Amino acid sequence: MVYCSKCGKKNDDDAEFCNKCRFILDNEKIEKSTAKKIEEKAEEFGKSMEKAGQRLEQRIEFTFKEFQNWYDTKFNILGPLIWGFLCLIIFRFIIWIFDISRDELIVLGELSDFFISYILIFFGLIILNVYHSYFNRKYKKAYRSISPGVGTISFIISIWLISKILIIIDNNVNIPVLTTIANFIDSNIIFIFIGVLIISYSFAMVLLPFAKDINQK
């Protein structure tokens, strides 16, 4: 119980004002009570926002899968090719942005020249990845045996291109570690390929089925 310091009236512990004279009771207690209420409300708000975020994420994922299924059904084997050309158009636009910015940043101009020189390889990599994703969705069991190999080829081509980009950047901004990384990739590309290939097949053929069996049990 809390006693009013003004009139002496006995009040409940959670009372903020005296029942008799309406005098404000223990301010420190009121502040603590208010802070606790704010904390509880903030916690409730945080939980509600987290749940809303999860629902939104699930909704987006569901909508994307619906669109993906519709797209695959509508365009079949040509679907990935269409995506490939759309990605090429976007990539070509980025190259154009880099090209017109060469006067402000020389490195962008050199990157633009590099992208143009290797644009067929970039386009081939795009096509490889979109068809890789398509076959993984549509023919998962039949494609399972070659999926790790295709994924490894895509990875190796990507890091090889990245090594060339790192050298161009280092030539302009003088960060020697970039060239070191690029040279390491170039000189060890075969060993990297073999290592990634072994890891990919080990994961796809051994670890992943083993994990599924454990989950089913």
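Start counting the sequence shown at 41; every next residue gets the next number (the working numbering).
Beta carbons: idealized from backbone N, C-alpha and C, even for Gly.
Everything numeric in this text was worked out from a predicted model, so none of it was measured.
Spatial distance of residue i from residue j (CA atoms)
i	j	result
residue 68	residue 89	Reliability of the predicted coordinates at residue 68 is poor, the pLDDT of 48 falling under 50, and the value obtained from them is presented with this limitation in mind. About 31 Å.
residue 337	residue 185	For the chain, the structure presents residues 41 to 257; residue 337 sits outside this window and is missing.
residue 80	residue 96	24 Å
residue 47	residue 84	38 Å
residue 128	residue 162	8 Å
residue 100	residue 173	19 Å
residue 103	residue 113	15 Å
residue 110	residue 121	16 Å
Contacts around residue i, its chain only, beta-carbon distance under 7 Å, and the 5 residues preceding and following it disregarded
i	result
residue 198	165
residue 94	none
residue 141	148
Best match in the options for proximity to residue i [C-alpha to C-alpha]
i	options	result
residue 195	240, 215, 104, 180	240
residue 224	183, 144, 86, 206	206
residue 171	161, 183, 160	183
residue 212	162, 242, 145	145
residue 125	160, 91, 102	160
Own chain partners of residue i with C-beta closer than 6 Å, once the 5 adjacent residues on each side are dropped
i	result
residue 155	135
Contacts around residue i, its chain only, beta-carbon distance under 8 Å, and the 5 residues preceding and following it disregarded
i	result
residue 208	147, 150, 151, 154
residue 192	233, 236, 237, 240
residue 259	Any property of residue 259 remains undetermined from this structure, which presents the chain solely from 41 to 257.
Cβ-based burial, residue i [other Cβ within 10 Å; buried from 16]
i	result
residue 222	buried
residue 188	buried
residue 86	exposed
residue 123	buried
* Asked: Given 8 Å as the limit, is there contact between the segment 122–135 and the segment 199–207, that is, 3 or more CB pairs closer than that?
  -> Judged by pairs of C-beta atoms under 8 Å, the segment 122–135 does not touch the segment 199–207, as fewer than three such pairs exist.
* **the segment 116–126 contacting the segment 171–180, beta-carbon criterion three pairs below 8 Å** => The segment 171–180 and the segment 116–126 touch, with three or more beta-carbon pairs separated by less than 8 Å.
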